[in-house]
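Below is one structure; the comments refer to it alone.
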Amino acid sequence: MSMIMHVAQAKPGQSTAVYQHYFIERPCRILVIGKQLKAKTKYQCLLRHISIGGAMLDFNAAIMLPKHFFLEIDGFREEIGCAEVHRNGTELGVRFNMLLAQDFLRRLIRLQFSSGGF
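Position 47, counted from 1, in the sequence shown is what UniProt numbering calls 47; the numbers after and before it change by one each time, with no gaps.
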């Protein structure tokens, strides 16, 4: 699996940020927003790895997505705003609209560890 995820083209004179990745297998959902900001559709996917800036998901290659959507990770109430930056077969790389809080990432890693994922 590729490590291409939240890599964005840097503006001239700026460097691209690189964040530490954590390998986590966790069910999640992609939430596509419809008209008047109402939830339109939810799709199941699998979180493969994550950083504070983005994530790599396993997702059905046949389903087309809009450029922007939300990600819901099982065990968390947060809906994380995302943008697709890479797609190759079932591999879907996303960049988060805002960097994740370190506390959120620590809770996710602890949850993965306590469920026997490491």
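C-beta: ideal position from N, C-alpha, C; glycine also.
The structure presented is a predicted model; accordingly, all values stated were derived computationally and were not measured.
Residue closest to residue i, alpha-carbon to alpha-carbon, out of the options
i    : options            : result
A61  : C82, T90, E72      : T90
L105 : F69, I80, F59      : I80
V18  : L71, G53, R48, E25 : G53
L71  : G34, R87, C45      : C45
G75  : L47, T41, K40      : L47
M98  : L65, C82, E25      : C82
Buried or exposed by the 16-neighbour rule on C-beta atoms within 10 Å, applied to residue i
i    : result
F69  : buried
S114 : exposed
I30  : buried
F23  : exposed
R77  : exposed
M56  : buried
Three-state secondary structure assigned by DSSP to residue i
i    : result
R77  : coil
L92  : strand
L57  : strand
I50  : strand
Q20  : coil
L100 : coil
L105 : helix
Rounded C-alpha distance that separates residue i from residue j
i    : j   : result
L108 : I73 : 9 Å
P27  : Y43 : 11 Å
L92  : I63 : 11 Å
N88  : Q20 : 22 Å
Q102 : G34 : 30 Å
R95  : T41 : 20 Å
Cβ of residue i within 9 Å of any chain B Cβ
i   : result
A17 : Looking for chain B here will not work: only one protein chain is present.
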